[in-house]
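Reading through the structure tokens given below for one structure.
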């Protein structure tokens, strides 16, 4: 029995060692367990996008900023962290820097893409809490720092896993961008104050409420695979719990907003035909 357990443990990806690693892993496990339920509860879900609007009127107007500025604050720290940790080893021989890895490159691409979408693709009309944006940005920055520090350096080892992870990241990134472009197309660029909503159609929107989340999770799984580290996989599971909860709430919102003809009640949340 002990031999079997040892064999299984040796086959698992490494984990951050020591007491600090145990605490970190425990926090990640707590996030995985709680994110879904928090995001499906109107009182505890993260208050941005359409879910923020019901409470905006009760907030101090000085604490609210434009959604474009808020989303920039959310994605910029993670982009800065991943870019710095990917580029610095090429220009500075600093012993405390993690070795350059494919995961760093993918994170830089992921958050760089999100920033480009914020600037050039999405059409915003609402506001978001400044402190909330800063808090989420800080969290994403920490997530990027964690993955960059634990990821396996770019070598020839595990080429099959690197290939699989890279393919997942590429498909996830492309699919996410495609479905984001569908959402952006629902907004008239000449009406930046328009808060009306239209049921999205096309792509996997004909099957699920949030296909852009599904493809984002594919990208995160790709990052976890090329990282070859258990804590990076826990980041993926945490994102899965969080985005699945958001997708569930999105589907419930769509059902309350649109008719049966516009939005069938049988439509799934994030995974076609399953959930």
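Residue numbers (full-length UniProt numbering): 1 to 275. Backbone N, C-alpha and C define an ideal beta-carbon position, used for all residues, glycine too. In this text, all values refer to a predicted model and were calculated from it rather than measured experimentally.
Ranked by how close their Cα comes to the Cα of residue 164, the residues 118, 230, 218, 177 have 218 in first place.
For residue 255, the closest C-alpha among the options 185, 81, 268 is that of 268. Annotated three-state conformation of residue 162 is helix, per DSSP.
The beta-carbon distance between residue 107 and residue 133, rounded to whole angstroms, is 19 Å. This is too long to meet the 8 Å contact definition. Shown here for residue 172: same chain residues with a beta carbon closer than 8 Å to its own, the five before and five after excluded, namely 215, 216, 217, 218, 219, 220, 221, 222 in chain order. For residue 129, no alpha helix (DSSP H) encloses it; the enclosing beta strand (DSSP E) starts and ends at 127-129.
Residue 79 sits away from residue 104, with the two beta carbons spaced by 8 Å or more. Ranked by Cα distance from residue 226, the first of 142, 72, 184, 167 is 167.
In this structure, the straight-line span from the alpha carbon of residue 36 to that of residue 246 is close to 8 Å.
Beta bridge pairing from DSSP links residue 208 with 268. The straight-line gap separating the alpha-carbon atoms of residue 77 and residue 130 is approximately 15 Å.
Following the DSSP letters along the chain, one finds residue 26 inside the alpha helix (DSSP H) bounded by residues 18-39. Taking C-beta atoms as the reference points, residue 242 and residue 117 fail to come closer than 8 Å.
Rounded to the nearest angstrom, the Cβ distance from residue 200 to residue 183 is 6 Å, consistent with a contact under 8 Å. Per DSSP, residue 112 is one residue of the alpha helix (DSSP H) stretching across 102-120.
Where residue 245 is concerned, the enclosing alpha helix (DSSP H) starts and stops at 230-257.
From the listed residues 203, 258, 70, 64, the smallest Cα separation to residue 138 is found for 70.
Residues 204, 207, 208 of the same chain have their beta carbon placed closer than 7 Å to that of residue 272, with the five preceding and five following residues left out of the count. When the five nearest sequence neighbours on each side are left out, the beta carbons in the same chain lying within less than 6 Å of the beta carbon of residue 122 are those of 184, in order along the chain. Judged by DSSP in its simplified three-state form, residue 202 adopts coil rather than helix or strand.
Taking residue 68 as the centre and dropping the five residues before and after it, the same chain places the C-beta of 118, 124 closer than 7 Å to its C-beta, in chain order.
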